[in-house]
Amino acid sequence: MDSSEIKQLQILAARSRMGAILGTYHAKSGHPGGSLSAADIFTYLYFKEMNVDPKNPDMQDRDRFVLSKGHCCPSLYATLALKGFFEWDELTKLRHVGAMLQGHPDMKGTPGIDMSTGSLGQGISAVLRYGTCG
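Count the sequence shown with full-length UniProt numbering and you get residues 1 to 134, in order.
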């Protein structure tokens with residue numbers, strides 16, 4: 001990676017952090033600390049490493065991401081919005097009744113989410129399932 005790629009990823013990670021703060025502010029609840037600490041990881045994975053397509057979020061050969069600490073999803077949501085899975089304005093509806101974005105990832109209601117999580121530690125069993133069952 002050259003310095004311009006690193007700078008671009010840093011800018012995207014900063015935007016992801018801003019989105020996490022925006023969402024938790026409008027929700028008047030949430031876990032911003034965990035979200036802020038994970039923004040660099042989400043940004044690097046979604047913009048540099050992972051094979052994902054917001055126009056075809058269910059493509060068979062995509063890479064899958066399981067967020068074991070589901071409560072830090074606000075920055076994951078912001079990263080998904082930056083990647084184009086849904087509109088940025090959805091972040092302002094975080095944790096609202098009937099909204100697409102809730103306090104923990106929901107694979108049935110949110111584009112780009114591969115596993116619904118909540119309880120810490122669920123990720124290991126989920127990825128084992130993906131590894132053995134596809």
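The C-beta atom is built at its ideal place from N, Cα and C for all residues, glycine as well.
Every value quoted in this text rests on a predicted model; they were computed, and no experiment measured them.
For residue 74, the uninterrupted alpha helix (DSSP H) segment begins and ends at 73–83. Taking 8 angstroms as the upper bound for CB-CB distance, residue 66 and residue 115 are in contact here, some 4 angstroms apart. Spanning the alpha carbons of residue 28 and residue 11 requires a straight line of approximately 26 angstroms. Between the C-alpha atoms of residue 123 and residue 75 there is a straight-line separation of about 17 angstroms. Annotation for residue 18: the continuous alpha helix (DSSP H) segment containing it runs 3–27. Between residue 34 and residue 7, the gap from beta carbon to beta carbon reaches 8 angstroms or more. When only Cα atoms are considered, residue 55 and residue 102 end up about 22 angstroms apart.
Comparing C-alpha distances from residue 94 to each of 5, 62, 1 and 21 shows the shortest one belongs to 21. DSSP places residue 91 within a helical segment (H, G or I) once states are collapsed to three.
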